[in-house]
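Report on the following structure.
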């Protein structure tokens, strides 16, 4: 459903007028199509919630979607033909050029006119057919639609209320914890939110807590209210009144059925006054629903409690924080309990046969500890023949089983409730996640850029389209549909994954709607019109007879066989003229495929982590390109023709030299930019550009000041005399969030003190080079979260003095940044700091930490500070410290906290859960990528 809406938006985008100006013969037909799509789109948004319950609407939506796709294809193909033949001239030449252009494009105009008329006829037919069959369908369904809907969409969530506790596993600890919290004697009204994705057992757990005799005895009033997503306010309030009065076997007040919402709220509030009550609101979907309910709750200091179950993490936090409560994030079952539940449901009283054990664990792995999934799939397996062939077939065809097996219907419906509850603009974004292979971590910015390039994101005034996309991603996280796997210390989300069962289900849904086609070893039928192709294995898996003329996106994952890839890439220029997204990240390419520059519709091009060394001048033909990702390639220079790409928003071209890697950012190698880089006015990310290269010395820095939309800037090869020019440019970059500046060499001074008005939105600052003093403007950066200083070699002044009052600083790193003998962390300083790195401070002899300094510090890294003979004084004050890293430190310091040493320092760090003691095995420190740490360091945990 959502896709038809987005196709409409992309087809009739603001540049339609340009197309219409060139399509005089079919302008009226295009306008008719646009008007009809607007009416369809309005209806689609209204009908969005019932598409999968109404086969009539489902068929109609499919027809609308395909018509919208074909319209987009026709218009874009026509524009490409005109663009390739159109040349600008002046005077008499202009007249001749126009005549020649008109003649040359007669055939193309005739073709587009015919295609548009066919589409118009199709749209009329779709509209008339929908109206005709809707009328018939309505008569057939009259009087029976509600019964039919109930049969198709039986809501099995209520079954959780009937489960016996003996049938459950892993419930004892959370149940005991929640009961203890509920019966606490604190008189304040409190709200407990039980949150998690569908199928985790939120309702089941809450019901067992609610029914416990300790809870029943503790409270005077009890009510269990199922809210659901599509509740009606008055009906819900009437239901609450009935439940409350029935508990005391009293009839509801007279006239309740005719009362308005405010009167109903008053009755509930009055009934609960001066009573200790426990209310469960099961399956609350939105903050709006909670705001309706919270009004009825009297705060009478009687020790009342409210429990919410929800899939919405934002709602859980909002409700519990408002009423002095807590959020209980329900977790999947651990492996041992998952296996116990699986075996008990699959094999009843018997144990798993040894010959099925490996397959059983593979199938169980798909469930990822989701109790509902384990029970549903176990129920299916319990009826099947206990043979390897049968179970192997079920494992391979799990997506098909989820789609069509009646025994898995309850699981499918429960999970898809979350999908159907999504706003129209999120459904396509969620289904698009099927492009990523199994177990692939989804990179934050890669996903954002792909969504934007695909045209899925609606433009909103006042914020960038990337910010809108991040909002979409946050919504999916809050609804427990996407799981965060990597979070930086300053709170940025870096990577995600989706539950394996969700992935199987959205692959099926995406295939049904022809959103994404996956080329993998599984094979299977392909759609007639291929729109988006995701290659999860080598490109030899692609069927040779597939037509690529409608292909919009090609993404290749783990393509390691260059021989199988290059022939397919070579064929791109012949039949893939509409291609918008091309992602060949990690492919074994050494030469830029020249066919790419003929893909004039391309907006997204990623050749990240390939072995390409040179970009051809013909790159300038890709005038629509918005995202060019060449990170981690061997490219060091871009041709002047890159300046023709006026729509570029993200230009990523840098890599880390791991041979000289240095905490906590490596030696970044940027690229030689053409002198006019400032003409790319839409650039948001410029990473990373060399400040001094040949004849362009200083010019690039002046040009950077013209890029006022920049959010992230990486500058390398800076010299002392460039400081003034760089400062002048930085003062113009009011939108800058991240700044990385590196000098040409370790002893080169970075002079940034002339910066009088720094970008106040700056959140991350990386300075790598000699500093005579801490730049005076850094303490004014109240939004700064991350500060890393390398090579600075500050001598006389303790750098902490000017940094300790930064109100939002979460991460501080000093690497060869200070040559003094001591660092003093004063009381009241660094109130939000969570991570501190002190690395290669050759003169450092002591560190002192006063009480109430760095109260939130979680991770402390002390590395290669050889003159330190003892632990930091006051380290015992760091009550929240979770990890202490002592790598390549003096033997005297390490031996001082031997547990058996009388009078030693072990007591200072006895409260720290993890203490790492290691030594450097290489000539340099390498922690740029923490995942590579074991390759450079040896040691042990204390």
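Numbering (my numbering), first residue to last: 149 to 1090. Ideal Cβ placement from N, Cα and C applies to all residues, glycine included. Since we're looking at a predicted model, the values are computed, not measured.
Using the Cα positions of residue i and residue j, report the straight-line distance between them to the nearest angstrom.
| i | j | result |
| --- | --- | --- |
| residue 919 | residue 905 | 19 Å |
| residue 99 | residue 984 | Since the first and last residues shown for the chain are 149 and 1090, residue 99 lies out of range. |
| residue 653 | residue 1020 | 53 Å |
| residue 323 | residue 666 | 43 Å |
| residue 752 | residue 617 | 16 Å |
| residue 456 | residue 340 | 6 Å |
| residue 432 | residue 343 | 10 Å |
| residue 885 | residue 639 | 14 Å |
| residue 682 | residue 611 | 31 Å |
| residue 125 | residue 572 | Given that the chain is displayed from residue 149 to residue 1090, the structure contains no residue 125 and the question cannot be resolved. |
| residue 807 | residue 816 | Per-residue confidence for residue 807 stands at a pLDDT of 42, beneath the threshold of 50, marking its modelled position as unreliable; no derived number is given. |
| residue 504 | residue 404 | 59 Å |
| residue 926 | residue 909 | 12 Å |
| residue 467 | residue 928 | 35 Å |
| residue 963 | residue 430 | 52 Å |
| residue 480 | residue 1054 | 37 Å |
| residue 406 | residue 399 | 15 Å |
| residue 789 | residue 765 | 6 Å |
So what does residue i bridge to, in DSSP terms?
| i | result |
| --- | --- |
| residue 682 | 666 and 703 |
| residue 833 | 798 and 860 |
| residue 470 | Bridge partners of residue 470: none, in fact. |
| residue 1009 | 985 and 1033 |
| residue 936 | 914 and 961 |
| residue 1021 | 996 |
| residue 645 | 631 |
| residue 534 | Note: residue 534 sits in no beta bridge, so no partner. |
| residue 430 | 374 |
| residue 820 | 785 |
| residue 897 | 918 |
| residue 891 | 866 |
On a CA-only basis, which of the options is nearest residue i? Give me that one, please.
| i | options | result |
| --- | --- | --- |
| residue 471 | 479, 462 and 442 | 442 |
| residue 822 | 835, 851 and 213 | 851 |
| residue 774 | 510, 795 and 659 | 795 |
| residue 837 | 860, 414 and 829 | 860 |
| residue 988 | 970, 1011 and 975 | 1011 |
| residue 657 | 588, 576 and 536 | 576 |
| residue 1052 | 207, 1017, 772 and 1067 | 1017 |
| residue 492 | 468, 526, 921 and 460 | 526 |
| residue 750 | 727, 422 and 831 | 727 |
| residue 462 | 921, 625 and 176 | 625 |
| residue 931 | 411, 964 and 883 | 883 |
| residue 180 | 224, 587, 266 and 943 | 266 |
| residue 830 | 591, 481, 346 and 797 | 797 |
| residue 767 | 748, 784 and 757 | 748 |
| residue 96 | 333, 507, 516 and 395 | Because the chain is modelled from 149 through 1090, residue 96 falls outside the range shown and cannot be assessed. |
| residue 393 | 410, 380, 379 and 372 | 372 |
Throw me the rounded Cβ distance for the residue i and residue j pair, which I believe falls under 8 Å.
| i | j | result |
| --- | --- | --- |
| residue 881 | residue 856 | 6 Å |
| residue 1028 | residue 1005 | 6 Å |
| residue 746 | residue 782 | Rounded, the Cβ-Cβ distance is 24 Å, inconsistent with contact. |
| residue 354 | residue 428 | 6 Å |
| residue 499 | residue 522 | Rounded, the Cβ-Cβ distance is 17 Å, inconsistent with contact. |
For the alpha helix (DSSP H) containing residue i, list its first residue and its last residue.
| i | result |
| --- | --- |
| residue 436 | 435 to 442 |
| residue 419 | 409 to 420 |
| residue 846 | First-last for residue 846: undefined, no H or E at that position. |
| residue 595 | 592 to 602 |
| residue 804 | First-last for residue 804: 803 to 805, but that is the beta strand (DSSP E), not the alpha helix (DSSP H). |
| residue 607 | First-last for residue 607: undefined, no H or E at that position. |
| residue 406 | It is not in any alpha helix (DSSP H) - residue 406 carries neither H nor E in the DSSP assignment. |
| residue 324 | 320 to 330 |
| residue 456 | Careful: residue 456 lies outside any alpha helix (DSSP H), inside the beta strand (DSSP E) at 453 to 458. |
| residue 922 | From DSSP, residue 922 is part of no alpha helix (DSSP H); its letter is neither H nor E. |
Taking the beta strand (DSSP E) that residue i falls in, what are its first and last residues?
| i | result |
| --- | --- |
| residue 343 | 338 to 343 |
| residue 373 | 369 to 374 |
| residue 739 | No beta strand (DSSP E) holds residue 739; DSSP gives it neither H nor E. |
| residue 724 | Where residue 724 is concerned, there is no enclosing beta strand (DSSP E), given that its DSSP letter is neither H nor E. |
| residue 972 | 970 to 973 |
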